[in-house]
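Enquirer:
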Amino acid sequence: MKVLQIVDTEKFQEHFNKWNFFDYEGTLENELGHLPYSKDLSLRKPGQIFLFENLQDSIIHYPTLAVFLDYIPCDQTVEIEYSPIKRNYQLKKNEYLESEIRRDAQWHDYHLIYGVWDSYPTWKELRRAYERTWWFHKTKSEKRNIKINNILNG
Numbered sequence: 138m139k140v141l142q143i144v145d146t147e148k149f150q151e152h153f154n155k156w157n158f159f160d161y162e163g164t165l166e167n168e169l170g171h172l173p174y175s176k177d178l179s180l181r182k183p184g185q186i187f188l189f190e191n192l193q194d195s196i197i198h199y200p201t202l203a204v205f206l207d208y209i210p211c212d213q214t215v216e217i218e219y220s221p222i223k224r225n226y227q228l229k230k231n232e233y234l235e236s237e238i239r240r241d242a243q244w245h246d247y248h249l250i251y252g253v254w255d256s257y258p259t260w261k262e263l264r265r266a267y268e269r270t271w272w273f274h275k276t277k278s279e280k281r282n283i284k285i286n287n288i289l290n291g
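In terms of the working numbering, the sequence shown opens at residue 138 and continues consecutively.
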């Protein structure tokens, strides 16, 4: 499993405040509210697909695409029940896709949610969501240069 140690805590705290489980809906509304496919950006219905990073003790895990199953009240927080989606490149030869159900309480482990979809997203939607993750974090000048290159090169 790929992990990343958080070094720049000030920038990460700003990022965390935008994308953490309890605040991501407002951020997605601001960034994607004008797009036609973004009707419901909240994680409420079983079967929704979502992209998230798991944060544990200043270590962030590689972004995961998962199917939302349910919320479970747990002490003074919420536990998220989900099933991760394995990609073809993550499977070994002659290995079958086995479904596993995970539960993570938003107490010590935090989920940073970057995208929510009612059906499987297109590669463009996934790319936009992956670009928002901390794993693929870029400075403002790097983001600007990428946008300029995309405009110039199509």
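Here a beta-carbon is modelled for each residue, glycine too, at the ideal position from N, C-alpha and C.
At what residues does the alpha helix (DSSP H) containing Leu188 begin and finish?
Expert: Not the alpha helix (DSSP H): Leu188 falls in the beta strand (DSSP E), residues 186-193.
Enquirer: Could you check the C-alpha separation between Asn191 and His198 for me, to the nearest Å?
Expert: Near 5 Å, if we compare the C-alpha coordinates of His198 and Asn191.
Enquirer: Quick one: Cα of Ser175 to Cα of Tyr251, how far?
Expert: With a pLDDT of 49 at Ser175, under the threshold of 50, the modelled position of this residue cannot be trusted; read the value that follows with caution. Taking the straight line joining both Cα atoms gives about 13 Å.
Enquirer: If you drop the 5 nearest sequence neighbours on each side, which residues of the same chain put their C-beta closer than 8 Å to that of His248?
Expert: So the qualifying residues of the chain are Asn157, Phe158, Phe189, Glu190, Asn191, Leu192, Ile217, Asp241.
Enquirer: Report back the beta-carbon spacing between Asn154 and Asp160 to the nearest angstrom; my notes put them in contact at under 8 Å.
Expert: The pair is a contact, with the Cβ atoms about 7 Å apart (cut-off 8 Å).
Enquirer: For the beta strand (DSSP E) containing Tyr199, name the first residue and the last one.
Expert: Here Tyr199 belongs to no beta strand (DSSP E), and DSSP marks it neither H nor E.
Enquirer: Measuring straight from C-alpha to C-alpha, what distance separates Leu141 and Trp244?
Expert: Spanning the two alpha carbons is a distance of roughly 20 Å.
Enquirer: Would Leu180 and Phe187 be called neighbours here (beta carbons separated by less than 8 Å)?
Expert: In this structure, Phe187 lies closer than 8 Å to Leu180 by Cβ.
Enquirer: In this structure, what does DSSP give as the bridge partners for Glu216?
Expert: Beta-bridge pairing links Glu216 to Ile209, Ala242.
Enquirer: Let me know if Asn287 comes out buried or exposed under the rule of 16 or more other beta-carbons within 10 Å of its beta-carbon.
Expert: Exposed, because fewer than 16 other Cβ atoms sit within 10 Å of the Cβ of Asn287.
Enquirer: Please report the residue range of the beta strand (DSSP E) in which Tyr251 lies.
Expert: 247-254 is the span of the beta strand (DSSP E), which, as asked, contains Tyr251.
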